[in-house]
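A.B. asks: Input: one structure, supplied below.
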Amino acid sequence: MLVHPWDAARDAAEWRAWLAHRDFGQLAANGVDGAPPVVVPTHFLLDGDEVLLHLARPNPIWAALEANPLAVLTVHDDYAYIPGHWRPTGVPTSYYASVQLSCRAEVVDDREGKAEILRRQLAHHQPEGGYGLMAADEGPYHKRLSALRGLRLTVLDVRAKFKYDDHNPAEERERIAGRLAERGLPGDAGARAQQLRRLKEQPTAT
Numbered sequence: 020m021l022v023h024p025w026d027a028a029r030d031a032a033e034w035r036a037w038l039a040h041r042d043f044g045q046l047a048a049n050g051v052d053g054a055p056p057v058v059v060p061t062h063f064l065l066d067g068d069e070v071l072l073h074l075a076r077p078n079p080i081w082a083a084l085e086a087n088p089l090a091v092l093t094v095h096d097d098y099a100y101i102p103g104h105w106r107p108t109g110v111p112t113s114y115y116a117s118v119q120l121s122c123r124a125e126v127v128d129d130r131e132g133k134a135e136i137l138r139r140q141l142a143h144h145q146p147e148g149g150y151g152l153m154a155a156d157e158g159p160y161h162k163r164l165s166a167l168r169g170l171r172l173t174v175l176d177v178r179a180k181f182k183y184d185d186h187n188p189a190e191e192r193e194r195i196a197g198r199l200a201e202r203g204l205p206g207d208a209g210a211r212a213q214q215l216r217r218l219k220e221q222p223t224a225t
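Here the sequence shown is numbered in the working numbering, starting from 20 and rising by one per residue.
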């Protein structure tokens with residue numbers, strides 16, 4: 020992913036705050052023996068510098084991770100197409116936010132390890148409760164643990180991008196934000212919110 024200086028996250032706090040409200044992405048690993056990359060859409064839990072998730076045992080990503088444990092988890096959102104006639108240059112562009120976590124994967128196959136990952140994911144994704152005991156050898160789910168494998172991903176590097184024309188004058192960005200509000204397509208509200216947030220938080224020259 021190309022990240023120009025004006026599109027980069029200003030610090031780790033920015034991308035972490037954005038990612039705190041997004042827990043679905045795509046996990047990618049290199050294909051085996053020259054095959055194309057394996058890409059898996061999945062929910063996940065980011066806790067500090069560790070990502071937790073689980074997948075079905077037949078998933079093709081396991082062979083890829085066993086051959087090479089390096090993987091990338093990518094999340095994108097708040098995207099919108101910006102027509103050329105909205106911009107002084109006449110050149111269309113895309114607005115979007117994207118965070119890519121380069122990770123080292125550890126496959127978890129022991130029952131208690133898988134149950135622990137599931138307990139933490141349930142607490143995150145379903146904080147209102149409504150689920151049974153998650154344990155290795157009892158409760159309503161333990162017989163299903165053999166059908167899945169767990170993953171612990173240690174984050175090694177982060178590339179974060181917020182592409183909202185930050186290198187252009189404030190009045191131009193405010194005008195485009197107004198156009199996004201008027202158009203109201205799916206994604207426009209999120210893109211507008213990110214553009215205005217970045218505009219508000221942009222350091223002023225001294």
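Note that the Cβ used here is the ideal one computed from N, Cα and C, for glycine as well.
This one's a predicted model, so the numbers in the text were calculated from it and none came from an experiment.
The beta strand (DSSP E) spanning LYS180 covers which residue range?
C.D. replies: If you number the sequence shown from 1, residue 180 lands on position 161. Segment 167-182, the beta strand (DSSP E) holding LYS180.
A.B. asks: Here's the rule: buried if 16 or more other CB atoms are within 10 angstroms of the residue's CB, otherwise exposed. What is LYS219?
C.D. replies: The residue labelled residue 219 in the question sits at position 200 within the sequence shown. Around the C-beta of LYS219, fewer than 16 other C-beta atoms lie within 10 Å, and the residue is accordingly described as exposed.
A.B. asks: For THR112 versus ILE101, is the C-beta spacing smaller than 8 Å?
C.D. replies: As a position in the sequence shown, residue 112 is number 93, starting the count at 1. As a position in the sequence shown, residue 101 is number 82, starting the count at 1. Cβ distance < 8 Å, so THR112 and ILE101 count as in contact.
A.B. asks: How many Å lie between ALA39 and LEU65 at the Cα?
C.D. replies: On the sequence shown, residue 39 is found 20 positions in, with the first residue counted as 1. On the sequence shown, residue 65 is found 46 positions in, with the first residue counted as 1. Rounded to whole angstroms, ALA39 to LEU65 spans 8 Å at the Cα level.
A.B. asks: Would you list the one or two residues that DSSP bridges to ILE101?
C.D. replies: As a first step, residue 101 is located in the sequence shown; it is residue number 82 there, counting from the start. For ILE101, which the question treats as bridged, DSSP gives the partners THR112.
A.B. asks: Name the one or two DSSP bridge partners that LEU65 has.
C.D. replies: Reading the sequence shown from its first residue, position 46 is the one you call residue 65. Partner(s): VAL70.
A.B. asks: Give the straight-line distance between the Cα atoms of GLY159 and TYR150, rounded to the nearest whole angstrom.
C.D. replies: The sequence position of residue 159 within the sequence shown is 140, counting from 1. The sequence position of residue 150 within the sequence shown is 131, counting from 1. Rather than Gly, the amino acid found at residue 159 in this sequence is Pro. Cα to Cα, the separation comes out at about 9 Å.
A.B. asks: Does ARG192 pass the burial test, meaning 16 or more other C-beta atoms within 10 Å, or should it be called exposed?
C.D. replies: As a working note, residue 192 is residue 173 in the sequence shown. When all chains shown are included, ARG192 counts as buried.
A.B. asks: Go to GLY197, then tell me how far its alpha helix (DSSP H) extends in each direction, as first and last residue.
C.D. replies: In the sequence shown, residue 197 corresponds to position 178, counting from 1. First-last of the alpha helix (DSSP H) with GLY197: 189-202.
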